[in-house]
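Peer 1: Right, I'll just put the structure down here and ask away after.
Numbering (UniProt numbering), first residue to last: 1 to 190.
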């Protein structure tokens, strides 16, 4: 008899910790109020009691959860190898796929590189059709970006990107000659 009494007391203690009295009281009161409101509204049969029981269970479960409890956040994805941004990753994948196809032509890549070169030239006060733009980029790079087909091998890409990057130094020389001051797009001085 004592073991049954001890196990019953332990069970009550576990239940008391799992369901605090406040949660049970709130659940019962909410269920009773909902059932009574349903009955007064004209819900017939045992339905008001079932609705009240469902509301009581939901309120008891929700009031049992502490106010500061938050679910577990999903694990953060690992950074891509090399630590680069997503744009670098996309460009690397694009170049890898082009490298797989030996003589691939990529008009989208040509278009993006030409837009980048045009934007850099405009910062220097040059238009694409200006002969000084041909000198600044180099005739072979200018011709490659203007051609109908773009040979997207790694050597050509390296030459084009290097020429576009060197436009900044050409721009500094150009602005120093004409007395203008060049400001980068982010508002910083070169």
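The beta carbon of each residue, even a glycine, is placed where N, CA and C say it ideally should be.
(1) Compute the distance between the beta-carbons of residue 164 and residue 120, then report whether it is under 8 Å.
(2) Identify whether residue 7 lies in helix, strand or coil by the three-state DSSP scheme.
(3) Between residue 113 and residue 160, is the Cβ-Cβ spacing less than 8 Å?
(4) List the residues that DSSP assigns as beta-bridge partners of residue 129.
(5) At a cut of 8 Å, does the segment 130-138 reach the segment 149-157 through at least three beta carbon pairs?
(6) Output the boundary residues of the alpha helix (DSSP H) element that contains residue 39.
(7) Going by beta carbon distance, what residues of the same chain come within less than 6 Å of residue 142, once the five residues before and after it are set aside?
(8) From which residue to which residue does the alpha helix (DSSP H) around residue 50 run?
(9) In whole angstroms, give me the CA-to-CA distance for residue 63 and residue 39.
(10) Heavy atom of the ligand HEM less than 7 Å from the Cβ of residue 146, yes or no?
(11) Give me the Cα-Cα distance between residue 192 and residue 132, rounded to the nearest whole angstrom.
Peer 2: Reading off the structure:
(1) Contact annotation: residue 164 and residue 120 have beta-carbon atoms nearer than 8 Å.
(2) Helix at residue 7.
(3) Yes, the Cβ-Cβ distance between residue 113 and residue 160 is below 8 Å.
(4) DSSP lists no partner for residue 129.
(5) For the pair of segments examined, the segment 130-138 was found not to touch the segment 149-157: the number of CB pairs separated by less than 8 Å stays below three.
(6) Counting along the chain, the unbroken alpha helix (DSSP H) around residue 39 starts and ends at 21-41.
(7) The beta carbon of residue 142 is closer than 6 Å to those of 134 in its chain, skipping five residues each way along the sequence.
(8) Segment 47-64, the alpha helix (DSSP H) holding residue 50.
(9) Roughly 25 Å separates the two Cα atoms.
(10) This structure lacks the ligand HEM; in fact it carries no ligand of any kind.
(11) Coverage of the chain is limited to positions 1 through 190, which leaves residue 192 absent and any answer about it impossible.
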